[in-house]
Amino acid sequence: MPSSTFSSNALRLSLRSWAVLAVVLGAIFLVFPRAWSRAQRFEAGTDYRFPYETSNDYWMYRQWCDRAAQQHPYLALGDSVIWGQYAGNNQTLTHYLNASSGREGEDFANIAIDGIHPIAMEGLVRYYGASMEGRKVLINLNLLWMSSPMQDFQGDQEFRFNHPRLVPQVVGRFACYKPNLAEVMSVEAERHIEFFSCAKHINISCFANMPFSDWTLEHPYESPLTALGTSLPGTDVGPQSKPVDWKKRGMGGQDFAWVPLSESNQWRAFTRTLDLLREKGASVFVLFVPINPYLQTDDSRARGEAQAKDAKAWLEGARLPYYCADGLQSVQYADASHPLADGYAEIARRLRECSAFKEWMNK
22 MPSSTFSSNA LRLSLRSWAV LAVVLGAIFL VFPRAWSRAQ RFEAGTDYRF PYETSNDYWM
82 YRQWCDRAAQ QHPYLALGDS VIWGQYAGNN QTLTHYLNAS SGREGEDFAN IAIDGIHPIA
142 MEGLVRYYGA SMEGRKVLIN LNLLWMSSPM QDFQGDQEFR FNHPRLVPQV VGRFACYKPN
202 LAEVMSVEAE RHIEFFSCAK HINISCFANM PFSDWTLEHP YESPLTALGT SLPGTDVGPQ
262 SKPVDWKKRG MGGQDFAWVP LSESNQWRAF TRTLDLLREK GASVFVLFVP INPYLQTDDS
322 RARGEAQAKD AKAWLEGARL PYYCADGLQS VQYADASHPL ADGYAEIARR LRECSAFKEW
382 MNK
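Residue numbering for the sequence shown is 22 to 384, as defined by our numbering.
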């Protein structure tokens, strides 16, 4: 059989050629994300919050955090309670905190993400929170993530949950999360090599988070180059859910299976997140999310109060300043943990009067 070593379709690279190729690819990996961030800027005006449509776009989130850390002295980190599920941009906690300071839009930046539970928040801070280093960070503690064994990632049965790309993929992976090898490798690449997280951002913002082959089938007459020019989604201007109180939603009689903190995966993740922030030199203030006492049974409310008492004791032992935003009126709750606009205004007013909060801000 004739040798194909030097046939027309064979390409043999010398060591020098391989070295040149490595340098070119390395340059692309390093330069492309920075070039793309300049080419596709987004506007972050007063009361900006991370768009709901791009909640899983962690590369874009890192761009927002970088800008927020440069422009604001305080960062408000948390889930949909801080983000404002039932509020417009000018009705969130950060809006009212800024308005009460007389420096509207200048003090607090809303860097919360909808649906970010403590286990995912740990991954967010660890892999995408570099700009929180040395900053003052208000972080919310929502004990509702510990209101059932399933929410606490206990058990072996797989279920769908928010932000799977932020939870442990290899070491410390939970039995209820069963990704395949390709998914694990993709997530790890995005976490450690910015080129891949930028590529994921482009896929989300330009190609509807679809595999490229699927996108071409859905858009047979559209040029991918045209799609690359797609503008970023604007910030949400209205509530994501209808802003009515919990009674009008027909809620009530909730009996939550509160998980003891000593057994809680979500609580351990929350404390590790606090440790991560302090390792970054951040000054942390913890805001207890107001769990709605009116829609719970008496037993559920008593168990929840005991759990909250344990959390406060831990924070005091760790010498971390905090404020518990309970005592809202029934009509100020939208559901079990989300305030309505009046509730946010009330929490902001109380925070501004809290001595621990004022000391934290002025320290």
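Here a beta-carbon is modelled for each residue, glycine too, at the ideal position from N, C-alpha and C.
DSSP beta-bridge partners for residue i?
i	result
Leu98	Ile160
Tyr344	Leu308
Tyr149	Beta-bridge pairing links Tyr149 to no other residue.
Gln175	According to DSSP, Gln175 bridges with nothing at all.
Tyr354	Pro360
Look up residue i in the DSSP assignment and say whether it is helix, strand or coil.
i	result
Phe129	strand
Tyr117	helix
Gln387	With the chain covering 22 to 384 only, the question about residue 387 has no answer from this structure.
Pro360	strand
Gln275	strand
Tyr198	coil
Tyr73	helix
Gln261	coil
Gln317	strand
His240	coil
Here's the rule: buried if 16 or more other CB atoms are within 10 angstroms of the residue's CB, otherwise exposed. What is residue i?
i	result
Lys157	buried
Pro139	buried
Gly155	exposed
Arg322	buried
Val205	exposed
Asp235	exposed
Gln178	exposed
Cutting at 8 Å between CB atoms, please list the residues of its own chain near residue i, excluding the five before and the five after it.
i	result
Trp381	Lys157, Ser304, Phe306 and Pro342
Phe378	Phe306, Pro342, Tyr344 and Leu372
For residue i, which residues of its own chain have a beta-carbon under 7 Å away from its beta-carbon, when the five flanking residues on both sides are left out?
i	result
Val208	Arg186 and Gln190
Tyr117	Tyr365, Ala366 and Ala369
Ala120	none
In chain order, what residues of the same chain have a beta carbon less than 6 Å from the beta carbon of residue i, not counting five sequence neighbours either side?
i	result
Thr294	Met142, Glu143 and Val146
Pro311	Ala346, Asp347 and Leu349
Ala90	Ser152 and Arg156
Gln106	Gln261, Ser262 and His359
Asp363	Gln353
Asp135	Tyr73, Ser76, Ser101 and Trp104
Asp356	Trp267
> Counting Cβ pairs, one atom from each stretch, are 3 or more of them under 8 Å apart for the region 137-154 and the region 259-267?
Replying inline: no
> Are the region 82-89 and the region 110-118 touching, with three or more C-beta to C-beta distances below 8 Å?
Replying inline: no
> Just checking, does the region 172-185 make contact with the region 274-286 on the three C-beta pairs under 8 Å criterion?
Replying inline: yes
>> When you compare the region 63-73 with the region 267-274, are there three or more beta-carbon pairs, one atom per stretch, that lie closer than 8 Å?
In response: no
>> For the region 209-224 against the region 52-60, do three or more pairs of beta-carbon atoms, one drawn from each stretch, fall closer than 8 Å, so that the two count as touching?
In response: yes
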